[in-house]
Amino acid sequence: MSAARCRFYDGKTSERRDASIAITTDGSVVVAVDGIESRRVHSLSEVRIPSRIADTPRHVLLPDGAVCEVRDNRALDAMRARAEKGPAPAGRRFERLLHQLDSSWRGAAAALAVTAAILYSFTRWGAPLVAGVVVAATPPQVEAVIGKNLLTLMNQLDFVEPSRLESNRRNELLAAFTEMTEDAGVADTDLLFYSGRRLGANAFALPGGTVIITDELVRLAEHDEEIVAVLAHEVGHVAGRHVMRRLAQTSSMLVVWTAFTGDVSVAALSILGPDQLLAMSYSRDFERAADRFAFDYLDRAGISPKRLGDILERLERSSGTASMPVWSSSHPGAEERARNAAEAEAGTRAASGDRQ
Ligand SMILES: [Zn+2]
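Read the sequence shown against my numbering and you will find it ends at 690, with the numbers running on by one and no gaps.
Here you go:
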């Protein structure tokens, strides 16, 4: 009867003893500790032999609480296979496959490719689904608290400071904003003015529906209708709860990434803070939805959709000098969108032409 050498722990003391473990063809596990005459005999069905992971030692659990640490994986598996005869159970065959994958570079490459495919699929299709469910289950009050905390953080981290715009100017813009949100039927939204500091010319929506606009962006605009167009786009993000959906997508991807790679340091990189909120880019779908929302409103208000394209282009040009051109970086493809705005403009003209 062949046997494998092992280290034996009796499960009661920390003492380690040399021993041998054998599995007989009739399905008994026999452990003989060196220097002790009596042997321990257990039924194979009561002994837990863990899965093989490459060539790391395995801890075979005996029913009396004792443990055999076996390094000779090959001998252990051969003995077990002989005792079990016939084809291995499905679970065991899977284990063996995992081991084979683990021990060849082709297998490792294949496993890597499969992992990459799963991660890609999750990012592409899974995360948006999960995010939809999470956001649907998030009460608006919770979203509002998240938004408020982010704003507090932004203040503490000197991202923003109190607006220096005159109160008359702020009230004018606030009136235009209120008119727009009421017309669009978006309740529970608010407009706050800040001096941008590190944010430069910027506008963005926080979870919970608060829209922030910086003094720098107000000054960059050459016409109030441009500001209204930018705000309408941001309210489009609020209406679609895009910020929360984006945050939920990022978080769910982190969970999956960590699960697959076991690498928590990647997770640590993405603690959800103002940096992440501002640096995150919306998906093209969200951008298109927000643009559509804006164009619809501008159309109703008799404002040319081109106003959005105009200020986007100016932002793009000015962002070279800003320290952190967040708004434009989180709104990629300014050129494409300026083109969309021009097309929307042409569409409006054609439509009004039809009406005449
Ligand atoms: Zn946007």
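All C-beta atoms, glycine included, are put in the ideal place defined by N, C-alpha and C.
Using a Cβ-Cβ cutoff of less than 6 Å, which residues in the same chain neighbour residue i once the five nearest sequence positions on both sides are dropped?
i	result
ASP399	In the sequence as displayed, the identity of residue 399 is Gly instead of Asp. Result list for GLY399: GLY345, in chain order.
ARG351	PHE342, VAL367
GLY570	ALA624, PHE627, ALA628
ARG651	none
Under 8 Å, do residue i and residue j count as touching if we go by C-beta distance?
i	j	result
MET514	VAL562	yes
VAL375	CYS402	no
THR523	VAL552	no
ARG579	GLY466	yes
TYR454	PRO496	no
ASP406	ARG386	no
ALA417	THR358	yes
ALA478	GLN583	no
SER437	ALA388	yes
GLY574	PHE511	no
ALA521	VAL572	no
ALA676	GLY636	no
Residue i lies in the beta strand (DSSP E); which residues open and close that run?
i	result
PHE342	338 to 343
TYR631	Premise fails: TYR631 lies in the alpha helix (DSSP H), 618 to 635, not in any beta strand (DSSP E).
LEU526	524 to 529
PHE511	Not the beta strand (DSSP E): PHE511 falls in the alpha helix (DSSP H), residues 501 to 518.
ARG350	350 to 357
ALA366	362 to 367
ILE452	Segment 439 to 455 is the alpha helix (DSSP H) holding ILE452; no beta strand (DSSP E) there.
Rounded to whole angstroms, how far is the Cβ of residue i from the Cβ of residue j, which I believe are closer than 8 Å?
i	j	result
LEU565	ALA537	7 Å
SER766	ALA338	Since the displayed the chain opens at 335 and closes at 690, residue 766 lies outside it and no answer follows.
HIS576	TYR616	6 Å
ARG498	ASP549	6 Å
LEU632	ARG641	7 Å
LEU508	ARG648	Rounded, the Cβ-Cβ distance is 23 Å, inconsistent with contact.
Could you check where the alpha helix (DSSP H) with residue i kicks off and where it finishes?
i	result
ALA573	558 to 573
ALA478	474 to 490
GLU371	Looking at the DSSP string, GLU371 is not in any alpha helix (DSSP H), and its letter there is neither H nor E.
Please work out which residues of its chain come closer than 7 Å, Cβ to Cβ, to residue i, disregarding the five sequence neighbours upstream and downstream, and give them in chain order.
i	result
PHE493	ARG531, ARG532, LEU533, PRO608
ARG634	ASP517
THR472	MET578
Which same chain residues, not among the five before or five after residue i, have their C-beta less than 8 Å away from its C-beta?
i	result
VAL381	VAL363, VAL394, LEU395, LEU396, PRO397
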